[in-house]
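FYI, in my numbering the residues of the sequence shown are 7 to 309.
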Amino acid sequence: MKHLLSLFDITPEQTAEIIELSAQLKSEWKQHTLKQNLSGRVLLQIYEKPSLRTRVSFESAMIHLGGSGLFMTEKEAGLHGRESLEDIARVTSRFADVIVLRTFSQKTIDDFAAVSSCPVINGLSDDSHPCQALTDLLTLQEATGGLKGKTMVYLGDGNNVAKSLAICCADLGVNFVLSAPEGYQIESSFYDRIRKRIPKASLTTEPDPIKAVRQADALYADVWASMGQEAETEKRKKIFAPYQINAKLLAAAPKDVKFMHCLPAKRGLEVTDEVMDGKQSIVFDQAENRMHIARGVFAWLLT
Ligand code: CP
Ligand code: NVA
7 MKHLLSLFDI TPEQTAEIIE LSAQLKSEWK QHTLKQNLSG RVLLQIYEKP SLRTRVSFES
67 AMIHLGGSGL FMTEKEAGLH GRESLEDIAR VTSRFADVIV LRTFSQKTID DFAAVSSCPV
127 INGLSDDSHP CQALTDLLTL QEATGGLKGK TMVYLGDGNN VAKSLAICCA DLGVNFVLSA
187 PEGYQIESSF YDRIRKRIPK ASLTTEPDPI KAVRQADALY ADVWASMGQE AETEKRKKIF
247 APYQINAKLL AAAPKDVKFM HCLPAKRGLE VTDEVMDGKQ SIVFDQAENR MHIARGVFAW
307 LLT
């Protein structure tokens, strides 16, 4: 049985396959020819953290395919203490056909999947956000007409989103540049792990944001303080201020550069309104693509 727990758990070919499948289902959806081939199937989502896009995109995707969605917070599911995580996985996977988990610890998702009798999807953990990265590469492909040799420059914290994006870029021949302050960069052992699967992966770090954006096809931002790091917000505001994507930074990049953000955005911090709402911004196409990737992931796991 297949799961989608981390991009490290699937092959680069499978990464490309999911994106291709999603693009095909997106075009069917646009032409109103999508087949409801998941009729009667049940999606269960259990979340430890808030969500707008992930929760709604997965549920909408399942409904469009003829199935239904159920949602529980970790408190309702009793994830921490009412019974063991493994027993919850054994029980819920007998009811559901596919389960999406959003957690703090990646281990919670991995342990759940180890005993689940249905496919499990990572809907974000502190370590990774694979469905977001797949979405980002589909969006870049649509916006620039191809992926190989393109350059994605991520400015900000080397977090869950940045790490999954780095793997996905490497898998698809996109140069990945991280521009982050010291102490917030992606560890070199993580890049070594990517190079084990893609020896020619182009993964670089350029702490100077002005230099980093010069060759970019897309600039990417995420929040400076992720869910669970709220107490560090004020400290991080000062540290990350030079990495704000604003008109000045955009002017240092090629003139047709795209702006991307996984959302939710903190306008006025990692990105200004003028960039977020400007003509180079593709953030809402990116948000819509979460749903198309959700369908591609369902198709890949369930059909
Ligand atoms: N991008 C993303 O995962 O958004 P949500 O946190 O709203 O699901
Ligand atoms: N890095 C952010 C992503 C939100 C989609 C977080 O983990 O909160």
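Even glycine gets a Cβ: it sits at the ideal position worked out from N, Cα and C.
Cut-off 8 angstroms between Cβ atoms - residues of its own chain near residue i, not counting five sequence neighbours on either side
i	result
A271	A227, V229, V277, M282, V289
S57	R108, G129, L130
K55	R108, T109, F110, L130, M233, G234
L275	V229, W230, K243, F246, Q250
L308	L44, R47, D103, V104, P125
P248	P187, P215
T211	V183, L184, S185, A186, Q191, I192
F101	V48, L50
N166	L130, S131, D132, D133, S134, H135, S232
T79	I52, Y53, E54
Close-in-space but distant-in-sequence residues of the same chain around residue i (CB under 7 angstroms, 5 per side omitted)
i	result
R203	P18
G164	L184, A186, Y190, Q191, I192
K154	G179
L122	For the record, residue 122 in the displayed sequence is Ser; it is not Leu. Result list for S122: A95, S99, I105, in chain order.
D279	R273
L269	R59, V289, A293
N295	T141, L144, T145
V303	L10, I24, I127, C137
6 angstroms Cβ shell around residue i - same chain, five flanking residues per side excluded
i	result
F265	L225, V281, Q286, S287
H298	S28, K32
G75	L49, E65, M68
C175	M158, F182
T239	A231
G72	Q42, L44, S45
C137	I299
R88	none
Residue i: CB within 6 angstroms of a non-hydrogen atom of the ligand NVA
i	result
M233	yes
D133	no
N181	no
V97	no
N128	no
D228	yes
N165	yes
Cutoff 7 angstroms: residue i Cβ touching any chain C Cβ
i	result
Q292	Although the question refers to chain C, the structure presented lacks it and comprises just one protein chain.
> In chain order, what are the residues with a CB under 7 angstroms from some non-hydrogen atom of the ligand CP?
Replying inline: P56, S57, L58, R59, T60, R61, L130, H135, Q138, C268, L269, P270, R296
>> I want to know whether the segment 115–135 touches the segment 89–107 - three or more CB-CB distances under 8 angstroms.
In response: yes
> Counting pairs of beta carbons, one from the segment 206–215 and one from the segment 173–191, are three or more of them closer than 8 angstroms?
Replying inline: yes
>> So within the segment 95–152, which uninterrupted alpha helix (DSSP H) runs reach at least 4 residues, ignoring any that extend past its ends?
In response: 112–121, 136–150
> Just checking, does the segment 150–169 make contact with the segment 68–87 on the three C-beta pairs under 8 angstroms criterion?
Replying inline: no
>> Closer than 8 angstroms is the cut-off here; do at least three beta carbon pairs connect the segment 144–154 with the segment 162–171?
In response: no
> Considering only residues of the segment 49–98, which uninterrupted alpha helix (DSSP H) runs meet the minimum length of 4 residues and lie entirely inside it, listed in chain order?
Replying inline: 59–70, 80–83
> What residue ranges within the segment 225–279 form continuous beta strand (DSSP E) runs of no fewer than 3 residues, ordered along the chain?
Replying inline: 264–267
> Which residue spans inside the segment 154–181 form an unbroken alpha helix (DSSP H) run of at least 4?
Replying inline: 166–177
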